[in-house]
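Protein chains: 2
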Amino acid sequence: MAESSALPLVILAEQFAKLPGIGMKTAQRLAYHVMSMSREDAKQFADAIISAKDNVGCCKVCQNLTEFEVCPICSSERRDRTQICVVESPKDVTAFERTNEYEGTYHVLHGLLSPVDGINADDLKIKELLRRIGTDEVREVIMATNPTVEGEATAMYIARLLKPMGIKVTRLAFGIPVGGHLEYADEVTLFKALENRSEM
Amino acid sequence: MAESSALPLVILAEQFAKLPGIGMKTAQRLAYHVMSMSREDAKQFADAIISAKDNVGCCKVCQNLTEFEVCPICSSERRDRTQICVVESPKDVTAFERTNEYEGTYHVLHGLLSPVDGINADDLKIKELLRRIGTDEVREVIMATNPTVEGEATAMYIARLLKPMGIKVTRLAFGIPVGGHLEYADEVTLFKALENRSEM
Numbered sequence: 001m002a003e004s005s006a007l008p009l010v011i012l013a014e015q016f017a018k019l020p021g022i023g024m025k026t027a028q029r030l031a032y033h034v035m036s037m038s039r040e041d042a043k044q045f046a047d048a049i050i051s052a053k054d055n056v057g058c059c060k061v062c063q064n065l066t067e068f069e070v071c072p073i074c075s076s077e078r079r080d081r082t083q084i085c086v087v088e089s090p091k092d093v094t095a096f097e098r099t100n101e102y103e104g105t106y107h108v109l110h111g112l113l114s115p116v117d118g119i120n121a122d123d124l125k126i127k128e129l130l131r132r133i134g135t136d137e138v139r140e141v142i143m144a145t146n147p148t149v150e151g152e153a154t155a156m157y158i159a160r161l162l163k164p165m166g167i168k169v170t171r172l173a174f175g176i177p178v179g180g181h182l183e184y185a186d187e188v189t190l191f192k193a194l195e196n197r198s199e200m
Numbered sequence: 001m002a003e004s005s006a007l008p009l010v011i012l013a014e015q016f017a018k019l020p021g022i023g024m025k026t027a028q029r030l031a032y033h034v035m036s037m038s039r040e041d042a043k044q045f046a047d048a049i050i051s052a053k054d055n056v057g058c059c060k061v062c063q064n065l066t067e068f069e070v071c072p073i074c075s076s077e078r079r080d081r082t083q084i085c086v087v088e089s090p091k092d093v094t095a096f097e098r099t100n101e102y103e104g105t106y107h108v109l110h111g112l113l114s115p116v117d118g119i120n121a122d123d124l125k126i127k128e129l130l131r132r133i134g135t136d137e138v139r140e141v142i143m144a145t146n147p148t149v150e151g152e153a154t155a156m157y158i159a160r161l162l163k164p165m166g167i168k169v170t171r172l173a174f175g176i177p178v179g180g181h182l183e184y185a186d187e188v189t190l191f192k193a194l195e196n197r198s199e200m
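Chains as they are written, first to last, in this note's numbering: chain A, 1 to 200; chain B, 1 to 200.
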């Protein structure tokens, strides 16, 4: 093995392997792919990494990743500032934006409460959320964390903080995914779907 | 969508999406991961790309990727220069080296003949192989291209060039993979396994 390896290639493969969901074999394949790219393309790739790291920060209102001080959603005239959708990560904002249906604003927690992993309220952007509610005329906070143990716990924790402030706190509906099959749904999902049934 | 996007992040995701086997969703996930890396780690990643591109070239003997003029395998005292294993790509060399069994040298073609895609003999490192055979005391060339149409055609083409030079040309054995199941083997593999059966 050692005899065949070009060291910078091994280092590059190790860098790829640090990315989530990329094993050593895929990492090696990607490293070889970089070798087949033009010098210019490789440079663009490397520059994109540095540029994203250097030019993207957190929106000072909603904490979503942005290249501006205040992100385009928070500074948009068209968004409803009375609604805040609280999510775990920037990816979730992208998912909601893809629906083209939500007109309110967001708040990105950058994580979920997880005492086991030593992540508690101070590690999340909860202070920033409370500060927004103190200043903006917020009427509803939609808890849109994932339906996992940590997601539920975080939603409950924040709800308990907000309710005394007279804020309406709601939670995303859980049920059968559209296009899904009943037979593949797990029991908890099926139970939630039954519990949250609506009149036709 | 556009409103939520931090441009440098979109550019980085597009760069990741250019890699083989990485779709837009995974690319986005990787771009977000880069955001969670430290500045130093991101720098190391970017540098590894440039360094691999700048410092790795082809071994002037076997054409495998290496940071040296002559790769460690070709310059090793312990390797048998009378045997050359001809493979499609550097990945295949790594695969053979992992077996820890092969003692000979390699020759990397950097592709396979594919007239449909406009890849013909001049695009592969075949001249370089013939030159080696002219100078080194090569006795056997093992054709280790993949058992695909292009792999077979390339093996046949090179074999036809080498045989008149008095070189023994061999082909990898095809058969049931070790640990595989007969019932899952396709007909061609099963036929090959039958054809190449050995006495016990």
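All C-beta atoms, glycine included, are put in the ideal place defined by N, C-alpha and C.
Measuring CB atoms only, is the stretch 109-118 of chain B touching the stretch 131-151 of chain B, in the sense that at least three cross pairs come out at less than 8 Å?
yes
Tell me the rounded alpha-carbon separation between A:V86 and A:V70.
17 Å
Please check if any C-beta of chain B sits within less than 7 Å of the C-beta of A:E67.
yes
Proximity to A:V138 [Cα-Cα], best of A:I167, A:G118, A:N120
A:I167
Cβ neighbour criterion (16 or more within 10 Å) applied to A:K53
buried
Residues in the same chain with beta-carbon distance under 7 Å from B:L12, minus the five sequence neighbours each way, listed in chain order, please.
A31, V34
From the DSSP output, in three-state form, read off B:V56 for me.
coil
What is the DSSP secondary structure of B:L65, counted as helix, strand or coil?
strand
Give the interface partners of A:A42 over in chain B, defined as CB-CB distance under 7 Å, in chain order.
I49, I50, K53
Go ahead and label A:T99 buried or exposed: buried means 16 or more other beta carbons lie within 10 angstroms of its beta carbon, across all protein chains shown.
exposed
Would A:R78 be called buried (16 or more neighbouring beta carbons within 10 Å of its own) or exposed?
exposed
For A:I84, name the three-state secondary structure that DSSP assigns.
strand
Nearest to B:C59 (by Cα), restricted to the options B:S89, B:S51, B:D47:
B:S89
I'd like to know whether the C-beta of B:H107 is nearer than 7 Å to at least one C-beta of chain A.
no
Whose Cβ in chain A lies nearer than 9 Å to the Cβ of B:M35?
A52, K53, V56, L65, P90
A:E195 versus B:M37: straight-line alpha-carbon distance, rounded
41 Å
Tell me which same chain residues have a C-beta within less than 7 Å of the C-beta of B:V169, skipping the five on either side of it?
V141, M143, A159, L162, K163
Name the residue from B:E40, B:K91, B:F45, B:A42 whose alpha carbon lies nearest to the alpha carbon of B:Q63.
B:K91
Where B:V138 sits in the DSSP three-state scheme:
coil
Using only CA atoms, which one of A:G151, A:G175, A:H107 lies nearest to A:I133?
A:H107
Mind pulling the chain A residues with CB within less than 8 Å of B:P20?
R29, L30, H33
For the alpha helix (DSSP H) containing B:R29, name the first residue and the last one.
24-36
Let me know if B:P20 comes out buried or exposed under the rule of 16 or more other beta-carbons within 10 Å of its beta-carbon.
exposed
Could you list which residues in chain B have their beta carbon closer than 7 Å to that of A:L12, in chain order?
A48, I49, A52
According to DSSP, is A:T94 part of a helix, a strand, or is it coil?
helix
Are the CB atoms of A:N55 and B:P8 nearer to each other than 7 Å?
yes
Tell me the rounded alpha-carbon separation between A:G175 and A:K192.
6 Å
Can you give me the Cβ contacts of A:E67 inside the same chain, cut-off strictly under 8 Å, excluding the 5 residues immediately before and after it?
N55, V56, G57
Of the choices A:I126, A:P72, A:A185, A:G180, whose alpha-carbon is the least far from that of A:M156?
A:I126
Taking B:L9 as the query, report the chain A residues whose CB atoms sit under 7 Å from its CB, ordered along the chain.
A52, V56, L65
With the cut-off set at 7 Å, would you say B:F45 and B:A27 are in Cβ contact?
no
Relative to the alpha-carbon of B:G104, which residue among B:I73, B:G118, B:D122 has its alpha-carbon at the smallest distance?
B:I73
Closest by C-alpha distance to A:D80, when choosing among A:E101, A:E150, A:L182:
A:E101
Do B:A42 and A:I49 come within 7 Å of each other at the CB atom, strictly closer than that value?
yes
So which residues of chain A does B:Q15 contact, with C-beta pairs closer than 7 Å?
Q44, F45, A48
Quick one: grab the DSSP three-state call for B:V169.
strand
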